[in-house]
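Trainee:
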Amino acid sequence: MSLFSRKPKETVSITYISHTGATRAVPVPVGASVMEGAVSNSIDGIVAECGGACLCATCHVYVEESCLGLLEPVAAEEEAMLENTCSKRLPNSRLSCQINVTKELEGLIVRTPEAQQ
Amino acid sequence: MAAGVVIAGAGQAGFQCALSLRAEGYDGPVTLIGDEDSLPYQRPPLSKGCLSGKTDLDAIDLRPAAFYETNRIELRMGRRVESIDRQSRRVTLAGGGDVPYEYLVLATGCRNRELPGVDGVCYLRTREEAAAIMERLETSETVAVIGGGFIGLEVAAAAAGHGRKVSVVEPQPRLMQRAVGPIVSGFFRELHERNGVQFAFGTSAVDLSADMIVAGIGVVPRTELAAAAGLTIANGIVVDSRLRTSDDLIFAIGDCAAFPSRFTGAMLRLESVQNAVDHARCVAGAICGREAGYTAVPWFWTDQFNAKLQTAGLSGGFDAEVVRGVVESGKFSVGYFREGWLIAMDSINQPADHITARKLLAAGGNLTLHQAADLTFDLKAAV
Chain A
156 MSLFSRKPKE TVSITYISHT GATRAVPVPV GASVMEGAVS NSIDGIVAEC GGACLCATCH
216 VYVEESCLGL LEPVAAEEEA MLENTCSKRL PNSRLSCQIN VTKELEGLIV RTPEAQQ
Chain B
25 MAAGVVIAGA GQAGFQCALS LRAEGYDGPV TLIGDEDSLP YQRPPLSKGC LSGKTDLDAI
85 DLRPAAFYET NRIELRMGRR VESIDRQSRR VTLAGGGDVP YEYLVLATGC RNRELPGVDG
145 VCYLRTREEA AAIMERLETS ETVAVIGGGF IGLEVAAAAA GHGRKVSVVE PQPRLMQRAV
205 GPIVSGFFRE LHERNGVQFA FGTSAVDLSA DMIVAGIGVV PRTELAAAAG LTIANGIVVD
265 SRLRTSDDLI FAIGDCAAFP SRFTGAMLRL ESVQNAVDHA RCVAGAICGR EAGYTAVPWF
325 WTDQFNAKLQ TAGLSGGFDA EVVRGVVESG KFSVGYFREG WLIAMDSINQ PADHITARKL
385 LAAGGNLTLH QAADLTFDLK AAV
C-alpha cells in the first residue's frame, strides 16, 4: 500500500454567487476544501492568500442559510481568523478553506463578499 | 510589442505581483517568467500537507491555466531570464527571445544550500524535489535529516508520521534557533522525541547508513541575474524601503530581496509566504502610482505533528521571553521583548494570540511583560 496513493475523485456540485449576483456551479472533489474548489475554477472573490492554512481570512464566504446545518461547527482557529475578515462578519460567515467537501455537501451554495482584503 | 511589467520568477512573489497588478488596475502587458515547467504553485504544502499525505502534489497550483488567459497574464513557464539590458530596457531569455519592459520585477527566489561531499541527498524546495522525497520515503525504513530548522523538522514529522525511523542532526545547540527562542525549541524537541524522532545536536555528522538522507540546511538567494546587470547585491538583491533596486525601473521582491526592515532597523531578507505576498502587493501598488514604504509585520508558520506554530514579528535580539499559558498543555504563546517592547510572539495552537500579536506589532508592540504573562489580561485590549 503506497503512502501517497491517489484518492478516487468523486465530486459534488458547489454554487458560488458573487456580491454582484454572478452565479457559477462547479464540480469540486470530495476531500478538497470549498476554497480549493473556488481557486481551481478561477472563481472571483476568493483570494486564499495563505493557501488554506487558516492564516489570512481572505477566503471568507457567506453560507446560504439553508445549508448551514450541513457544516461542521466553526473551530477555534477559524473563529480567531473570522474576527479579521475584510467584509462584515455575519452569523453565516465561514472561511472556505476550513469547509471540507463531503458527499453531504452536494448542492452547497456560498456567496462571496465584496472585498477580501 | 508595448513594454509592460516583466516579472522574473513565478513563485509565490512573482505570481502575487501579476495578480495584484491586475487587481490594482494595471492595464499594460504583464509577463510572468518561471524556470520550472509546471504552472505556478504553492510551496508551503510541499513540506506539510503533501509529505504527510493529506494533499495531492497536483492540487497545489496557485491558479488554473485559464486564469492567466482571462487576466491577460502572459505566462512563460520553463523559461529563464538570462540577462537584463538596462539601457534598452529588455530582458533576454535563455534559449532565445527577448521581452521589453517598462518595469522589471525580480522575484528570483532562492536555491538550496547543498551539502558538500555527500551524494544522493534529497533537498526540498520544488514540486519535483517533493515528489522525489515521497518516492524514496515509500521504500525507506530509516531517514536521516540534516538540519533542525522548519523544513528539516517538517520532513522529520511527516516521515515519523508514516512510521519511519527518523534521526535529525542539528549543528546548533537547539532546534529552529534562527526563528524561535529556547522555550519553543524545547517544546518541539520534546514533541518530536515523544513521536520517536532522535536528535543529535552540535554536529553535522550524517548517518550515511540511513536509507535516505534529507538536507534542510538553508537557502541562498538567486542574485546572479541582478549582479550581472550591475545592481547592488549584499545577502540578496538590495532594495530601498519602496523595494526598488539601485535601478529605479527594477524592483526585487520575496526571498531574493534584502530590504531595510522597519522592525529590525537593519537590512533583512526573509523567506516566507507573507513576505513574498506583501512585497508583491507593495510593488504592484507602486507601479500603479500608489507608492508606499514597506512596513508589513512578518509572520510565518510551521506544522509538525499536532502542533501548529505561528510566529508574528522577529524575535532575534530579544532580551526577555514570557510564556503565556502552560507549555505542557501544548497550547501556549511566548512573547519576546527587547528593552520592554514586544518584538515577536510565537503561538502554538493558539491562533487568537497570533492574530492579536500581528496587530499589536503593527501598532508598535506596546505590551508589558506582565500583561503578556497574565491570562486574565485580554491581549486585544493592548492593540
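Protein chains in written order, with our numbering: chain A, 156 to 272; chain B, 25 to 407. All residues carry an ideal CB built from backbone N, CA and C; glycine is no exception. Being a predicted model, the structure only gives us computed values, none of them experimental.
Whole angstroms is fine: what's the gap from L249(B)'s alpha carbon to F275(B)'s?
Mentor: 13 Å
Trainee: Could you work out which residues of chain A lie near I379(B), taking near to mean beta carbons separated by less than 8 Å?
Mentor: A235, M236, E238 and N239
Trainee: Under 8 Å, Cβ to Cβ, is there at least one residue of chain A near F356(B)?
Mentor: It does not: the Cβ of F356(B) has no partner Cβ on chain A nearer than 8 Å.
Trainee: Are the CB atoms of P375(B) and Q334(B) nearer to each other than 8 Å?
Mentor: Cβ atoms of P375(B) and Q334(B): closer than 8 Å.
Trainee: Below 6 Å CB to CB, which residues in the same chain sit around V204(B) once its five sequence neighbours on both sides are set aside?
Mentor: Only D370 meet the Cβ criterion.
Trainee: How would you list, in chain order, the residues of chain A whose beta-carbon sits under 9 Å from the beta-carbon of G77(B)?
Mentor: L158, F159 and S160
Trainee: Check distances from the C-beta atoms of the segment 218–231 of chain A to those of chain B and list, in chain order, the residues that come in under 8 Å.
Mentor: A231
Trainee: D122(B) to G141(B), Cα distance in whole Å?
Mentor: 38 Å
Trainee: R293(B): buried (16+ other C-beta within 10 angstroms of its C-beta) or exposed?
Mentor: buried
Trainee: At the level of alpha carbons, what is the spacing between E227(A) and L384(B)?
Mentor: 31 Å
Trainee: For A282(B), which beta-bridge partners are listed by DSSP?
Mentor: V262(B)
Trainee: Does DSSP classify C41(B) as helix, strand or coil?
Mentor: helix
Trainee: Decide if the segment 187–199 of chain A is in contact with the segment 72–90 of chain B; the criterion is three or more beta carbon pairs, one per stretch, under 8 Å apart.
Mentor: yes
Trainee: In chain order, what residues of the same chain have a beta carbon less than 8 Å from the beta carbon of T166(A), not counting five sequence neighbours either side?
Mentor: P182, V183, P184 and V185
Trainee: Consider the Cβ of Q222(B): report whether some Cβ of chain D lies at a distance smaller than 8 Å.
Mentor: No chain D appears in the structure shown, which is made up of the protein chains A and B.
Trainee: Check this for me: beta carbons of R32(B) and V115(B), under 8 Å apart or not?
Mentor: The displayed chain sequence assigns Ala, not Arg, to residue 32(B). Yes, these two residues count as a Cβ contact at 8 Å.
Trainee: Check for me: the alpha helix (DSSP H) holding F212(B) runs from which residue to which?
Mentor: P206 to R218
Trainee: Just how far apart, CA to CA, sit A308(B) and L393(B)?
Mentor: 38 Å
Trainee: Please classify L232(B) as buried or exposed, where buried requires at least 16 other C-beta atoms within 10 Å of its C-beta.
Mentor: Exposed, since its Cβ has fewer than 16 Cβ neighbours within 10 Å.
Trainee: Sort out for me which residues DSSP pairs S107(B) with in a bridge.
Mentor: T116(B), per the DSSP bridge assignment.
Trainee: Under DSSP, the alpha helix (DSSP H) around F356(B) begins and ends at which residues?
Mentor: No alpha helix (DSSP H) contains F356(B), which is instead part of the beta strand (DSSP E) from K355 to R362.
Trainee: Give me the Cα-Cα distance between V193(B) and V221(B), rounded to the nearest whole angstrom.
Mentor: 11 Å
Trainee: Going straight from the alpha carbon of Q272(A) to that of C241(A), what length do you get?
Mentor: 5 Å
Trainee: From P284(B) to R268(B), what distance separates their C-alpha atoms?
Mentor: 11 Å
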